[in-house]
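Residue numbers (our numbering), protein chains in the order written: chain Z, 522 to 767; chain L, 522 to 767. Think of the CB as a built atom: it goes at the ideal place given N, C-alpha and C, for glycine as much as any other residue. Since this is a predicted model, take the numbers as computed values, not measurements.
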DNA sequence: TTACATTTGTTCGTATGTATA
DNA sequence: TTATACATACGAACAAATGTA
């Protein structure tokens, strides 16, 4: 069975899945950018030659995956990390009494390097490929509680620099969106307990050998493309890492 | 606006939400039990007097919440914890190389007690209400890696005993389902790093003061009813706690 | 304030396809 | 083969939210 519309690689079978693929393709090609509205249902129906229900089912899934956001009476928008709800989707640290707070970030390290084994494996690179490697110290209520060691492929972030990272007005994932057209839509995380080393102890003002929560994260864009590898260490004396399993 | 069908407390407004509420009510009253099929779409349409699309939208949400499972050509079933996919929904421990394995469980403690402050707060009890409190040691490949300290209200598990807990053929949540008609459908978890105490060290064969991952879990049934409070401690030397954030 | 056009949300009903027993 | 059950697709009508003239 051939493609039913435009040049999208439709394998056929289920029409709404084809529509979803086509929408996803348009998104990853940047036809509609984060925070922008996509065309109205009526226009998309004309474009794809399908019924409302079929289009809706395709969009339903993209909404469920947090890729699109619908607003009745306004339109359907490409999701961003700017939106308040989306920030805490990827920042899951709360005070132990349940209080949510936005962290302040200090860039503590930045350099260009060859990917080590762990980074290459996590990002699907060849060992030796270039990465930018940088560290952030995150504070809540003026107390440093978390250190993020982050690696991203130079290939996907060719113009990244320490200055631009320092000047970013927004969240990191928002910066990826606005300045590099890269949309983080999913993360895989693995958690362990570890002990604070000398640097951890200094930066977080704790004793060496304190227990820390370590989070190894791989962040993905469309089509399961791996964008970022991050190792976080969290001081859980007064905070905790939370999530809910529905 | 009054109820549109049977005795369900319909506040009106959105029909498919009413249907969903009615289905949920029937489920929590035990009209259909775990692993059983609910009536076919055609029969439910007659019962509720709605169209296919409306019924389907209600069921769609229950499927998305892992409460029902659809099988084309067979029927729609009440989810259980028996099913292979569902076990690892709540047991998120993997070997560091990614290998999944079912744990073996040893019941290490069991007693009836008055709820302490943490248990009462987590389960919404008055301090002093009766709980069953028991501990499991979980092993992977014959090595103990996790200790679960579990508390449940006596009121919801009146006939629970050490013998029944020890003889249960299946997973714990499956036991709750089969023997007490209680369906765990969601958990909230909070994670911290902590250090092994003497008992942890003895039971897991590690040094006192080793770093452990601590997981505080509240498990819910329908209507956000709190059923179980659990504090787990995991040795992350060779294993890790995983999840993905879509 | 009101009226109107636009956009998404809900509900209906029907026809056909696909998987299962 | 046949009957049953869920899955997909279509299209129409009306409701509700939004922004604007």
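Q | Within chain Z, partners of residue 593(L) - CB distance below 9 Å | A | Per Cβ cutoff of 9 Å: no residues; residue 593(L) is ~13 Å from chain Z at best.
(Q) If you follow the beta strand (DSSP E) that residue 761(Z) is in, where does it begin and where does it stop? (A) Element bounds for residue 761(Z): 760-766.
Q. Roughly how many whole angstroms lie between the Cα atoms of residue 585(L) and residue 659(Z)?
A. Straight-line Cα distance between these residues: approximately 35 Å.
(Q) For the segment 714-736 of chain Z, list every residue whose C-beta sits within 7 Å of some C-beta in chain L, in sequence order. (A) Look at the segment 714-736 of chain Z: the residues with a C-beta under 7 Å from a C-beta of chain L are 714, 715, 716, 732, 733, 734.
**Q.** Alpha-carbon spacing of residue 723(L) relative to residue 603(L), whole angstroms
**A.** Rounded to whole angstroms, residue 723(L) to residue 603(L) spans 32 Å at the Cα level.
Q) Can you give the Cα-Cα distance for residue 764(Z) and residue 613(Z), rounded to whole angstroms? A) Spanning the alpha carbons of residue 764(Z) and residue 613(Z) requires a straight line of approximately 7 Å.
Q) According to DSSP, is residue 680(L) helix, strand or coil? A) In the displayed model, residue 680(L) falls within coil according to three-state DSSP, outside both helix and strand.
**Q.** Test: residue 582(Z) CB closer than 7 Å to a CB of chain L
**A.** Using a CB distance cut-off of 7 Å, residue 582(Z) does not count as an interface residue toward chain L.
Q.
Taking only three categories from DSSP, how would you classify residue 540(Z)?
A. DSSP places residue 540(Z) in helix when its eight states are reduced to three.
Q. Out of 674(Z), 664(Z), 643(Z), which has the shortest C-alpha to C-alpha gap to residue 654(Z)?
A. Selected option, being the one with the closest Cα: 674(Z).
Q: Indicate the three-state DSSP secondary structure (helix, strand or coil) for residue 531(Z) in the structure shown.
A: With a pLDDT of only 46 at residue 531(Z), under the threshold of 50, the placement of this residue in the model should not be trusted, and no figure is reported.
Q. Is DSSP giving residue 671(L) helix, strand or coil here?
A. In the structure shown, residue 671(L) sits in a strand (DSSP, three-state: E or B).
Q. Can you list the alpha helix (DSSP H) stretches of 4 or more residues lying completely in the segment 558-612 of chain L, in chain order?
A. Residue ranges of uninterrupted alpha helix (DSSP H) with 4 or more members, entirely inside the segment 558-612 of chain L and ordered along the chain, are 562-569, 573-585, 605-611.
Q: Please look up how many angstroms separate the CB atoms of residue 719(Z) and residue 733(Z), rounded, as I've assumed it's under 8 Å.
A: About 13 Å separates the beta carbon of residue 719(Z) from that of residue 733(Z), a gap too long to meet the 8 Å contact definition.
(Q) Three or more C-beta pairs under 8 Å: does that hold for the segment 734-748 of chain L against the segment 689-701 of chain Z? (A) The segment 734-748 of chain L, when compared against the segment 689-701 of chain Z, does not touch it at the 8 Å Cβ threshold.
Q: State the CB to CB distance for the pair residue 642(L) and residue 650(L), rounded to an integer number of angstroms; the pair is presumed to be in contact (CB under 8 Å).
A: Not really, about 12 Å apart at Cβ, beyond 8 Å.
Q | Residue from 678(L), 766(L), 696(L) whose Cα sits closest to the Cα of residue 707(Z) | A | Closest by alpha carbon: 766(L).
Q. Contact between the segment 694-701 of chain Z and the segment 592-611 of chain Z: three or more CB pairs below 8 Å?
A. Yes, the segment 694-701 of chain Z touches the segment 592-611 of chain Z.
Q. Less than 7 Å separating the beta-carbons of residue 757(L) and residue 714(Z)?
A. In this structure, residue 714(Z) lies closer than 7 Å to residue 757(L) by Cβ.
Q: Say whether chain Z places a C-beta atom closer than 7 Å to the C-beta of residue 597(L).
A: So no, residue 597(L) is outside the interface.
Q | residue 648(L) to residue 634(L) span [Cα, whole Å] | A | If you draw a straight line from the Cα of residue 648(L) to the Cα of residue 634(L), it is about 11 Å long.
Q.
Distance cutoff 7 Å, beta carbons only. Does residue 762(Z) sit that close to anything in chain L?
A. Closer than 7 Å: yes.
Q) In terms of DSSP beta bridges, what is residue 664(Z) paired with? A) Looking at the DSSP assignment, residue 664(Z) forms a beta bridge with 661(Z).
Q.
Rounded to the nearest angstrom, what separates residue 656(L) and residue 676(L) at their Cα positions?
A. In a straight line, the C-alpha of residue 656(L) is about 19 Å away from that of residue 676(L).
Q. Where residue 617(Z) and residue 759(Z) are concerned, what is the direct C-alpha to C-alpha distance, given to the nearest angstrom?
A. Computed Cα separation, rounded: 6 Å.
Q | Below-7 Å beta-carbon distance, residue 707(Z) vs any chain L residue | A | Closer than 7 Å to some Cβ of chain L, the Cβ of residue 707(Z) qualifies, so yes.
Q | Which of helix, strand or coil DSSP assigns to residue 688(Z) | A | Three-state DSSP puts residue 688(Z) in a helix.
Q) Counting along the chain, where does the beta strand (DSSP E) carrying residue 749(L) start and finish? A) First-last of the beta strand (DSSP E) with residue 749(L): 747-755.
Q: Compute the distance between the beta-carbons of residue 575(L) and residue 536(L), then report whether it is under 7 Å.
A: A contact, by the Cβ cut-off of 7 Å.
Q) Leaving out five residues before and five after residue 608(Z) in sequence, what residues of the same chain have Cβ atoms less than 8 Å from its Cβ? A) For residue 608(Z), where only same-chain residues beyond five positions count, the Cβ hits under 8 Å are 602, 623, 692.
(Q) So, for residue 590(Z): in the same chain, excluding its five sequence neighbours on each side, which residues have a beta-carbon less than 6 Å away from its beta-carbon? (A) The answer, listed in chain order, is 598, 600.
Q) Helix, strand or coil: which one does DSSP assign to residue 523(L)? A) Because residue 523(L) carries a pLDDT of 34, less than 50, the predicted location of this residue cannot be relied on, and the following value inherits that uncertainty. Here DSSP, grouped into helix, strand and coil, assigns residue 523(L) to coil.
Q | Cβ-based neighbour list, residue 538(Z), same chain, cut-off 8 Å, excluding 5 preceding and 5 following | A | Taking residue 538(Z) as the centre and dropping the five residues before and after it, the same chain places the C-beta of 579 closer than 8 Å to its C-beta, in chain order.
Q) Helix, strand or coil: which one does DSSP assign to residue 734(Z)? A) Three-state result, residue 734(Z): strand.
Q: Output the distance between the C-alpha atoms of residue 667(L) and residue 629(L), rounded to the nearest integer angstrom.
A: Those two C-alpha atoms are separated by around 12 Å.
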